[in-house]
Each structure stands twice: as structure tokens, then as C-alpha cells.
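Asks: The structure is given below, and queries will be raised subsequently.
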Amino acid sequence: MTASFEVRWAGVAESDLLGIIAHIAEDSVDTALEILKLETAPQRGRIVPELQSQGITLYRELIINPWRLMYKIEGNVVYVVSVIDGRRNVEDVLLSRLIK
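Heads up: the sequence shown runs through residues 239 to 338, numbered per our numbering.
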């Protein structure tokens, strides 16, 4: 039996999602299915390379082109922390959020 995870969205991740909802709607079913996989297989996401190079391995991501959905797993809860346009400089986006 597959384990089930609860998925929670951080406020900033919800804002990210609202900002790109029109683009996601164009891909609709495939994109939604990718996001829903977080409920059953969150470990399949890769560790965020920009963070891993700094020794931070807590955060994973799903690539849903061109979006990068970043999250962390704590117990049976998946916390979505950010949805970033992968065409942007991810390090700059993350840094700007830290200093807000």
C-alpha cells in the first residue's frame, strides 16, 4: 500500500501559484497530475541543486516545465514553499525572499 502524504502550501507558494494559474490552466490535466503526485511519492523530486551546492539538502523540487515547485518533507506532510519560473535565476529569487 502506498503511503499518503498531506500537502500544505506556504503563503508565498500560494501567491506564486496564483500568479501562474493561467499558464498552468493551459497545461491543465498533466500539470495537475504532476502536483497531485506529491501526495503519494514526494521523495521522487530531486534535491534543489542551487541549495545542495550550499550544503542545504532539505528541499526538493518537481520540474513542471517551465515551473520549479519546491517543497520539503516532514514526516507525512509535504510543505510546498515556492513555485518559481525556471527561466529566472532561482538563486536571486530565493535570496530576494529571504531578505523581505
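The C-beta atom is built at its ideal place from N, Cα and C for all residues, glycine as well.
1) Would you list, in sequence order, the uninterrupted alpha helix (DSSP H) runs of no fewer than 4 residues that lie entirely inside the stretch 257-322?
2) For Arg298, count neighbouring Cβ atoms within 10 angstroms of its own Cβ and tell me buried if that reaches 16, exposed if not.
3) Out of curiosity, what's the CA-to-CA distance linking Leu271 and Gly283?
4) Which value, in whole angstroms, describes the spacing of the CA atoms of Lys364 and Asp268?
5) Name the one or two DSSP bridge partners that Glu244 has.
6) Cα separation between Asp323 and Thr240?
7) Flag this pair as yes or no: are the beta carbons of Val328 and Leu276 separated by less than 9 Å?
8) Does the distance from the C-beta atom of Val331 to that of Val245 stay below 9 Å?
9) Does DSSP put Gly249 in a helix, a strand or coil?
10) Can you grab the Cα-Cα spacing for the pair Glu252 / Met308, in whole Å?
Replies: Looking at the atomic coordinates:
1) 287-290
2) buried
3) 14 Å
4) The displayed coordinates of the chain run from 239 to 338. Any statement about residue 364 would go beyond what the structure contains.
5) Val315
6) 31 Å
7) no
8) no
9) helix
10) 12 Å
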